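Let me begin by presenting the structure, written as structure tokens, before commenting on it.
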Amino acid sequence: MVAIREISRPSASLNAMSTPAGPVLRVPPAVAGVNRDQDMSSHADAINARRMNFYYGENQVLFDVSLTVPERSVTALIGPSGCGKSTFLRTLNRMNDLIEGTRCTGELLVQGQNIMDPSVDVVLLRKHVGMVFQKSTPFPKSIFENVAYGPRVAGEKNRAVLAELVESCLRKAALWEEVRDRLNDSAMALSGGQQQRLCIARTLATNPQIILMDEPASALDPASTARIEDLIGELCSQYTIVIVTHNMQQASRVSHQTAFFFEGRLIEVGPTTRIFTSPAQKKTQDYITGRFG
Amino acid sequence: MPLSRKTASLFQRRSANGHEKVIWASLLSCALISILTTVGIIVVLLGNAVYSPGKSTAFFEEVSVWEFFTDTHWKPAERHSGTELSDSATGKPAGHFGILPLLSGTMMVALVGSMVGVPIGLGAAIYLSEYASPKERDVLKPVLEILAGIPTVVYGFFGLHFITPWILQPVLKHVFGIEIGVFNVTSAGIVVGIMVTPMIASLSEDVLRSVPRSLREAAYALGSTRFDVSMRVVVPAALSGILAAFLLAFSRAIGETMAVTIAGGHKIMLTANPLAEVQTMTAYMVHQSFGDNSASSIQYKSIYAVGLALFSMTLVINIASQWVLRRFREVYQ
Ligand SMILES: Nc1ncnc2c1ncn2[C@@H]1O[C@H](COP(=O)(O)OP(=O)(O)OP(=O)(O)O)[C@@H](O)[C@H]1O
Ligand SMILES: [Mg+2]
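Those protein sequences? They're chains A and B, same order as listed.
This note's numbering puts the first residue of the first sequence at -19, with every later residue one more than the last.
This note's numbering puts the first residue of the second sequence at 122, with every later residue one more than the last.
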């Protein structure tokens, strides 16, 4: 077992064994726009989670999770399947409210406001904290109407305003050139990668401050994945991004900060370069070198 | 060779296979009975309406198809089979057999029924699928099924003795100053609407619920209220399936008989007035078959012509509904 892993990931495993304190993974260059060495201490906190516990019925899946996300940065959530990454991500826009019998305790500040407060309007919160899902979910409407959905729901009716907004969001999502001549075609006819960028454009159109992405590229081919990663690099100058990924290389390429989850607990969080070169925890090291999960 | 004989017996058919055959045959005949019934109905309809092989004549051998579809009067009582009372100028039997008055009656009742049943049924479906908690659904769905199980004759009297005298007549009289008769399209339409509501509700609920959850989540994540999600995403995504449900309900409304015979009335006339008394195609068939015309009379045979028209209409609508539904399924399955 170990032998096979050593063959498949020679550099990682060898590094890990020889010098546990030294670099455990060769960290690939970051995508353009992500400066991993940037000092984020001057950035205000976009998200501040304190001692969060989460339950599906009686089943507790998050234990005392505390995590701070600086504004205009990318945070990657990594960890083995079932460790609670998606659950944590979905508490950030109270998406879990939609699931019957869930319960969440702790304190969760988004831009300084406690969003766990019952008086919080989740509809407004979700405009502020957008979300992109693993499976692209275009509505069975035209490309234009998909992007215009959020503004329309928010009450925008002026066609010219909508058209301008749709164009700017499609441009930001690096999709405009591909679809500008067929905005009225069904979004279902786009390729998987295009659909996912459309979903990003659709999220941008609600003018969020924070964008949550749950494995946004895991169903895509390498070329489309690269486009999404580049896009994240472009977007992080304006938006705070939290991304769940199973791809270690991706996490290291696109994020400033990485948080490692294991069995519902946040094991370790820190600057991406440090997490991937000298993790403080043995579990983190085992995970990123591919020893489990 | 004893050995080979033994081997052969291993693979010999046993009595179990015989049982299998009996089961297979009886199940097959169950399936065939429904097909044969349909074929039988079509043969009887065609044999009396279009072409009769014996010495008796079929309806359309005496009345032209053109007259059937264009004449604006339906006055079967004035026409007698044979030539004794024929119009001397044309040699054709006198009287009128234009389906339009009956068709208009049927269509008006079905339209009023749809206007009642579609919004209520769709509203109920949206509530059940998007708003109701599992507990509420457990209570509401059986109630809908009870509503669907009430005999249609009960609905007929409900229209005649409740909707018309207690709701329609007072409202029209006091609000609009209009007096209407005991029998009218609107009452019949309302009860037909109530009758098709459970059907629309349960068929539409099925299609609404088959819209993937991921689509709803995506809509919520964009800052939608529950109402936005229902009306802007789920209903449009399920539109073709809902349309199929409407079509099936419309076809059911067209074929509805007892309630419209009781509440709609007997007057055969071409009208677009929803407050008028009308006779629908189905009601005509009931009246005529209880009348004292002999089975060989043209009046009696007209039942088959009307029946054939009715059958064709519902067949076309049901096929259309199947087609629409298939297109819906293609998108999500
Ligand atoms: N809707 C749900 N109802 C009940 N339990 C759930 C539900 N969703 C997730 N869980 C449980 O919560 C735990 C955490 O799941 P979660 O989806 O957050 O994991 P994850 O880290 O995102 O995994 P993956 O990498 O496979 O997406 C798992 O044990 C899972 O079985
Ligand atoms: Mg997940």
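For every residue, glycine included, the Cβ atom is placed at its ideal position computed from N, Cα and C.
What you are looking at is a predicted structure, and each value in this text was computed from that prediction instead of being measured.
Below-8 angstroms beta-carbon distance, residue i vs any chain B residue
i               : result
A1 of chain A   : Low per-residue confidence applies at A1 of chain A: pLDDT is 49, beneath 50, and the placement is therefore not dependable, though the value from the model is reported in the following sentence. No, A1 of chain A does not count as interfacial toward chain B.
A203 of chain A : no
R182 of chain A : yes
N15 of chain A  : no
R177 of chain A : no
T67 of chain A  : no
M96 of chain A  : no
M228 of chain A : no
A134 of chain A : yes
N73 of chain A  : yes
V103 of chain A : yes
R31 of chain A  : no
T85 of chain A  : no
P120 of chain A : yes
R271 of chain A : no
Y36 of chain A  : no
K107 of chain A : yes
K137 of chain A : no
Buried or exposed (CB count within 10 angstroms, at least 16 for buried), residue i
i               : result
F411 of chain B : exposed
P120 of chain A : buried
E144 of chain A : exposed
Y341 of chain B : buried
P272 of chain B : exposed
Q261 of chain A : exposed
F297 of chain B : exposed
H236 of chain A : buried
P188 of chain A : buried
V230 of chain B : buried
C151 of chain B : exposed
P0 of chain A   : Unreliable positioning characterises P0 of chain A in this predicted model, as indicated by a pLDDT of 47, which lies under 50. The coordinate reading is nonetheless provided below. Result: exposed.
G139 of chain B : exposed
P8 of chain A   : exposed
L246 of chain A : buried
F272 of chain A : exposed
Alpha carbon of residue i to alpha carbon of residue j, nearest angstrom
i               : j               : result
L368 of chain B : A146 of chain B : 35 angstroms
A210 of chain B : I389 of chain B : With a pLDDT of 47 at A210 of chain B, under the threshold of 50, the predicted position of this residue should be treated as unreliable, and no value is reported.
T252 of chain A : T269 of chain A : 15 angstroms
S155 of chain B : E183 of chain B : 32 angstroms
T435 of chain B : V354 of chain B : 31 angstroms
H108 of chain A : L184 of chain A : 10 angstroms
S207 of chain B : M402 of chain B : Model confidence at S207 of chain B stands at a pLDDT of 46, short of 50, so the residue's coordinates are unreliable; what they give is reported in the following sentence. Cα to Cα, the separation comes out at about 26 angstroms.
R200 of chain B : K176 of chain B : Note that R200 of chain B scores a pLDDT of 49, beneath 50, so its modelled location is shaky; the value from the coordinates is reported in the next line. Near 20 angstroms, if we compare the C-alpha coordinates of K176 of chain B and R200 of chain B.
T227 of chain B : V186 of chain B : 20 angstroms
V49 of chain A  : D25 of chain A  : 6 angstroms
8 angstroms Cβ cutoff met for residue i and residue j
i               : j               : result
T382 of chain B : S225 of chain B : no
L105 of chain A : R74 of chain A  : yes
A56 of chain A  : T225 of chain A : yes
F348 of chain B : L166 of chain B : no
I315 of chain B : Y276 of chain B : yes
F449 of chain B : A322 of chain B : no
G310 of chain B : G234 of chain B : yes
F218 of chain B : W195 of chain B : yes
D165 of chain A : S122 of chain A : yes
I223 of chain A : V100 of chain A : no
G244 of chain A : S204 of chain A : no
F304 of chain B : G216 of chain B : no
A269 of chain B : M236 of chain B : no
I191 of chain A : L215 of chain A : yes
S351 of chain B : E251 of chain B : yes
L42 of chain A  : G64 of chain A  : yes
C-beta neighbour in chain A for residue i, strict 8 angstroms
i               : result
D537 of chain B : Nothing can be reported for residue 537 of chain B, as the shown portion of chain B is limited to 122 through 454.
V354 of chain B : yes
A358 of chain B : yes
S335 of chain B : yes
D259 of chain B : no
D192 of chain B : no
A339 of chain B : yes
L149 of chain B : no
T403 of chain B : no
F432 of chain B : no
D349 of chain B : yes
R200 of chain B : Reliability of the predicted coordinates at R200 of chain B is poor, the pLDDT of 49 falling under 50, and the value obtained from them is presented with this limitation in mind. Closer than 8 angstroms: no.
Within chain E, partners of residue i - CB distance below 9 angstroms
i               : result
G110 of chain A : Among the chains of the structure shown, chain E does not appear; the protein chains present are A and B.
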